[in-house]
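Chemist: Got a structure for you, written out below as structure tokens; questions coming shortly.
2 protein chains.
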Amino acid sequence: MTRVHNFNAGPAILPLDVVQETAAAVLDFNGTGMGIMEISHRSKEFDAMIKEAQADLLSIMNLSADEYAVLFLGGGASMQFLMVASNFLKTSADYIVTGVWAKKAYEEAAMLGDAKVSASSKETKFNQIPKTWNLNPDADYVHITTNNTIYGTEWKTLPETGNVPLVADMSSNFLSRPYDFGKCNLIYAGAQKNVGPSGVTIVIIKKSWMEKANEKLPTMLNYRTHIDNESLFNTPPCLPIYAFHRTMKWILKMGGLEAIQLHNEKKAAYIYDVIDKYSDFYKGHVVVKEDRSLMNISWNLPSAELEEKFVKEAKALNMVGLKGHRSVGGIRASTYNALPLESAEALANFMVEFYNNNK
Amino acid sequence: MTRVHNFNAGPAILPLDVVQETAAAVLDFNGTGMGIMEISHRSKEFDAMIKEAQADLLSIMNLSADEYAVLFLGGGASMQFLMVASNFLKTSADYIVTGVWAKKAYEEAAMLGDAKVSASSKETKFNQIPKTWNLNPDADYVHITTNNTIYGTEWKTLPETGNVPLVADMSSNFLSRPYDFGKCNLIYAGAQKNVGPSGVTIVIIKKSWMEKANEKLPTMLNYRTHIDNESLFNTPPCLPIYAFHRTMKWILKMGGLEAIQLHNEKKAAYIYDVIDKYSDFYKGHVVVKEDRSLMNISWNLPSAELEEKFVKEAKALNMVGLKGHRSVGGIRASTYNALPLESAEALANFMVEFYNNNK
Chain A
-11 MTRVHNFNAG PAILPLDVVQ ETAAAVLDFN GTGMGIMEIS HRSKEFDAMI KEAQADLLSI
49 MNLSADEYAV LFLGGGASMQ FLMVASNFLK TSADYIVTGV WAKKAYEEAA MLGDAKVSAS
109 SKETKFNQIP KTWNLNPDAD YVHITTNNTI YGTEWKTLPE TGNVPLVADM SSNFLSRPYD
169 FGKCNLIYAG AQKNVGPSGV TIVIIKKSWM EKANEKLPTM LNYRTHIDNE SLFNTPPCLP
229 IYAFHRTMKW ILKMGGLEAI QLHNEKKAAY IYDVIDKYSD FYKGHVVVKE DRSLMNISWN
289 LPSAELEEKF VKEAKALNMV GLKGHRSVGG IRASTYNALP LESAEALANF MVEFYNNNK
Chain B
-11 MTRVHNFNAG PAILPLDVVQ ETAAAVLDFN GTGMGIMEIS HRSKEFDAMI KEAQADLLSI
49 MNLSADEYAV LFLGGGASMQ FLMVASNFLK TSADYIVTGV WAKKAYEEAA MLGDAKVSAS
109 SKETKFNQIP KTWNLNPDAD YVHITTNNTI YGTEWKTLPE TGNVPLVADM SSNFLSRPYD
169 FGKCNLIYAG AQKNVGPSGV TIVIIKKSWM EKANEKLPTM LNYRTHIDNE SLFNTPPCLP
229 IYAFHRTMKW ILKMGGLEAI QLHNEKKAAY IYDVIDKYSD FYKGHVVVKE DRSLMNISWN
289 LPSAELEEKF VKEAKALNMV GLKGHRSVGG IRASTYNALP LESAEALANF MVEFYNNNK
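Protein sequences appear in the order of chains A and B. The numbering used here applies: residue -11 is where the first sequence begins, and numbers increase by one. The numbering used here applies: residue -11 is where the second sequence begins, and numbers increase by one.
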């Protein structure tokens, strides 16, 4: 098996360890004579695994299990747009709109109640993170999206929101850098970028906040249902949770989030350095350098024809997933945790060569 | 690898072909140099696979793609309890309550509007399928649960509901026998019994019925969202869909639903025959023989001690998953499509031996 240089935006490359361990577990999970797709979610073997996954995650995030619950839910982050607002929007909530997904989260909340855009970088095509915002001190919560997969911006630190609870959609940079996670009342992330395959969304929720949640919600939309049943109210996505569990072990083996961040900074530097050096040819989408994402790097070439040629020639060199999101075009390289340094280096080298051949 | 005799109620045994193909695809999907957990759901390779899975399913069910859409959703069948009622409960809906899951479906609908229990076998501990029911000819729909995993009853044919649309939760006997599927306006099934791993729920919906659906629903709860985007509104559970795709190929290879039904009848007969022969010792839960499920067979022994001994000795013989559901106790053997004949035979032989040693 030859693995390609996988720059997919998600589902995306996973650590080779995780891939191989999951393949083995499909055949046999922990010597049970059953694969991970075939074992009961109520079995002691599965129970031990899911509990370890929850504990490892909290340990990596430096959060306490007394304070926070970890949930594994289906439906994707898009379902969390609805669940967050259903559970916690009572009077008014603030949304900082930094890209397509942040906007979708806002729009879903606005269907249910009084959601306000308290800051937005839409006017400048989402090429930066807003530096000021207009927060309501009495808001039920403020919602941010920590990384913008399509445009390539990223919050480098979490904002101060005073007494207003902070909710963060971390789907596309989850566990790629240390954050002060304890600032958040609720964090959610679709697994399929940094922590596993699609099919499971991780929700970390401050248990005490549930006292303020709305009552009388549909069973499956109510965070209480899943907290009270430790994510086993109904059958969870077992294999995606297993792959998540193995990814937590890989992060721990790599040295935790500080080490992961260093690794990610090195990879992104390869590519941003070429963009900066040949800035007339490679036009980075994000103008404010401090807002540049370590996860998704977006740029344009002088013409659509050159962009097409770039993608095609890269593919011939085994580099896939470089076409920009269909809503914006251009080129995008996603450099998630599991992308090896060699892949980033190969892309940077190709960019220099392509520049020399096409300038 | 020694595979056990897997009588789990779900997640449950899958065909060995499907297990091995999925393990291989985790390492490399169709020669792409990426595993099935790592490839984009917008790639042409994934797109071809999901479309083939949809087409194979409709072909197996003898339904037309012009009339029906196939959706792959997260959240489990429990999320469908909510979605069915959200989309289609306007004035009143009828629920036939034949077990725990049917009751949950009813209760969820009753939180949203006027849901009525039009028949129930609760009085007799769900030991049969009601033979009469009190349907409202103006109901928005009537909801049934075709197989009752916990108690072991099964609808052998779908009921006539006249002009009232029929909705069927087929989670635990989906594709285990031919039905006149065209009688239904909507069918849903969690994959983790007969058609794949947990993490994906299959919904088959008559497209024309959407004209009658409620407007202004939350995005992710609205069937329109998923029909319009062919299940790719957001990232779907890719690996579970792949395993489902391989399971469709296996069903086709086995000869379709008629052949599958014969196979299931043979397996169930092994076990029911022992129950009938030693009926003072093995007390089958379902008294009306025609209502006996081919998928889940529930019985009691003369004492809880003997039941515990039975489960323990069976386990020593490599038979797992025989403990009854925690809500009812006793013994339960699930004999889904993928369970080999030899496993049912091994269990029947053990039952005779256990009877002789403990009568």
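We put the beta carbon where it would ideally sit given N, CA and C, even for glycine.
Quick one: Cα of LYS113/B to Cα of ASN288/B, how far?
Modeler: Cα to Cα, LYS113/B sits roughly 14 Å from ASN288/B.
Chemist: Anything in chain A within Cβ reach of LEU227/B, meaning under 8 Å, just list it in chain order.
Modeler: Within chain A, the residues near LEU227/B are PRO185, SER186, GLY187, LEU227, PRO228.
Chemist: Which same chain residues, not among the five before or five after TYR167/B, have their C-beta less than 6 Å away from its C-beta?
Modeler: Answer for TYR167/B: LEU146, listed in chain order.
Chemist: From TYR94/B to LEU174/A, what does the alpha carbon distance come to, in whole angstroms?
Modeler: Cα to Cα, the separation comes out at about 31 Å.
Chemist: Under a Cβ-count criterion, where at least 16 other Cβ atoms within 10 Å of its own Cβ denotes burial, should LEU46/B be classed as buried or exposed?
Modeler: Result: buried.
Chemist: Any Cβ of chain B within less than 7 Å of the Cβ of GLU26/A?
Modeler: With 7 Å as the cut-off, GLU26/A counts as an interface residue toward chain B.
Chemist: Would you list the residues sitting across from ARG280/B in a DSSP beta bridge?
Modeler: According to DSSP, which records beta bridges pairwise, ARG280/B is partnered with THR141/B.
Chemist: Taking contact to mean at least 3 C-beta pairs separated by less than 8 Å, is the segment 211 to 226 of chain B in contact with the segment 127 to 145 of chain B?
Modeler: Taking 8 Å as the limit for Cβ pairs, the verdict is that the segment 127 to 145 of chain B does not touch the segment 211 to 226 of chain B.
Chemist: Report the start-end ranges of each beta strand (DSSP E) in the segment 141 to 168 of chain A that is 3 residues or longer and not cut off at the edges.
Modeler: Counting whole runs of 3 or more residues, the segment 141 to 168 of chain A contains the beta strand (DSSP E) stretches 154 to 157.
Chemist: Check whether the Cβ atoms of TRP121/B and THR134/B sit closer than 7 Å, and answer yes or no.
Modeler: No; because the gap between Cβ atoms is not below 7 Å, this pair is not in contact.
Chemist: Any chance you could list the alpha helix (DSSP H) runs of at least 4 consecutive residues sitting entirely within the segment 43 to 92 of chain B, in chain order?
Modeler: Entirely contained in the segment 43 to 92 of chain B, the alpha helix (DSSP H) runs reaching 4 residues are, in chain order, 65 to 76.
Chemist: Cβ of LEU227/A within 7 Å of Cβ of PRO185/B?
Modeler: Cβ distance < 7 Å, so LEU227/A and PRO185/B count as in contact.
Chemist: Exposed or buried, ARG165/B, counting other C-beta atoms within 10 Å across all chains shown (16 or more means buried)?
Modeler: Classification of ARG165/B: buried, given that the 10 Å Cβ count is 16 or more.
Chemist: Could you compute how far the alpha carbon of GLU40/B sits from the alpha carbon of ASN50/B?
Modeler: Cα to Cα, GLU40/B sits roughly 15 Å from ASN50/B.
Chemist: Which whole-angstrom value is the C-beta distance of VAL(-8)/A and MET22/B, which I expect to be below 8 Å?
Modeler: Going by Cβ atoms, the distance from VAL(-8)/A to MET22/B rounds to 6 Å, so yes, they are a contact pair.
Chemist: Give me the chain B residues within the contact set of GLN42/A, using Cβ-Cβ distance strictly less than 7 Å, ordered along the chain.
Modeler: Per Cβ cutoff of 7 Å: no residues; GLN42/A is ~18 Å from chain B at best.
Chemist: For the segment 63 to 92 of chain B, list every residue whose C-beta sits within 7 Å of some C-beta in chain A, in sequence order.
Modeler: So the list reads GLY63, GLY64, SER66, MET67, LEU70, given in the order they occur along the chain.
Chemist: Can you find a CB in chain A that lies within less than 7 Å of the CB of LEU15/B?
Modeler: With 7 Å as the cut-off, LEU15/B counts as an interface residue toward chain A.
Chemist: Report yes if the CB atom of GLY63/B is closer than 7 Å to the CB atom of GLY140/A, and no otherwise.
Modeler: No, the Cβ-Cβ distance between GLY63/B and GLY140/A is not below 7 Å.
Chemist: Within a Cβ cutoff of 6 Å, which residues of the same chain sit near ASP5/A, ignoring the five residues on either side of it in sequence?
Modeler: Cβ within range, chain order: TRP238.
Chemist: Does the Cβ-Cβ distance between GLY187/B and PRO3/A come in under 7 Å?
Modeler: Result no, Cβ atoms of GLY187/B and PRO3/A do not sit closer than 7 Å.
Chemist: Just to confirm, is the Cβ distance from ALA97/B to ALA103/B under 7 Å?
Modeler: The answer is yes: Cβ separation under 7 Å.
Chemist: Between which two residues does the alpha helix (DSSP H) holding ARG212/B run?
Modeler: ARG212/B -> alpha helix (DSSP H) spans 211 to 216.
Chemist: Please list, in chain order, the residues of the segment 127 to 138 of chain A that have any C-beta partner in chain B closer than 7 Å.
Modeler: Answer set for the segment 127 to 138 of chain A: empty.
Chemist: Taking HIS251/B as part of the alpha helix (DSSP H), name the residues at either end of that continuous run.
Modeler: It spans 244 to 265 - the alpha helix (DSSP H) in which HIS251/B sits, taken as one unbroken run.
Chemist: Mark PRO153/B as exposed unless 16 or more other C-beta atoms lie within 10 angstroms of its C-beta, in which case mark it buried.
Modeler: Looking at its Cβ environment, which holds 16 or more other Cβ atoms inside 10 Å, PRO153/B is buried.
Chemist: Mind checking ASN217/A: buried by the 16 CB within 10 Å criterion, or exposed?
Modeler: ASN217/A should be labelled exposed.
Chemist: From ILE248/B to ASN325/B, what distance separates their C-alpha atoms?
Modeler: C-alpha separation (whole angstroms): 7 Å.
Chemist: Whose Cβ in chain A lies nearer than 8 Å to the Cβ of GLY(-8)/B?
Modeler: The sequence as given places Val at residue -8/B; Gly does not occur at that position. Chain A residues near VAL(-8)/B: THR20, GLY21, MET22.
Chemist: Applying the 10 Å Cβ sphere with the 16-neighbour rule, what's the burial state of ASP264/B?
Modeler: When all chains shown are included, ASP264/B counts as exposed.
Chemist: What residue range is occupied by the uninterrupted alpha helix (DSSP H) comprising TYR343/A?
Modeler: Note, TYR343/A: alpha helix (DSSP H), 329 to 346.
Chemist: Output yes if chain A places a C-beta closer than 7 Å to the C-beta of VAL7/B; else output no.
Modeler: It does: the Cβ of VAL7/B has a partner Cβ on chain A nearer than 7 Å.
Chemist: Would you list, in sequence order, the uninterrupted alpha helix (DSSP H) runs of no fewer than 4 residues that lie entirely inside the segment -6 to 19 of chain A?
Modeler: With a minimum length of 4 residues, the continuous alpha helix (DSSP H) runs that stay inside the segment -6 to 19 of chain A are 4 to 15.
Chemist: Nearest chain A C-beta to GLU203/B closer than 7 Å, yes or no?
Modeler: No, GLU203/B lies away from the interface with chain A (no Cβ there is under 7 Å from its Cβ).
Chemist: Quick one: list the residues of chain A neighbouring PRO125/B, beta-carbon separation under 8 Å, in chain order.
Modeler: Neighbours of PRO125/B on chain A: none; closest Cβ ~28 Å, over 8 Å.
Chemist: Can you tell me whether DSSP reads GLY272/B as helix, strand or coil?
Modeler: Strand at GLY272/B.
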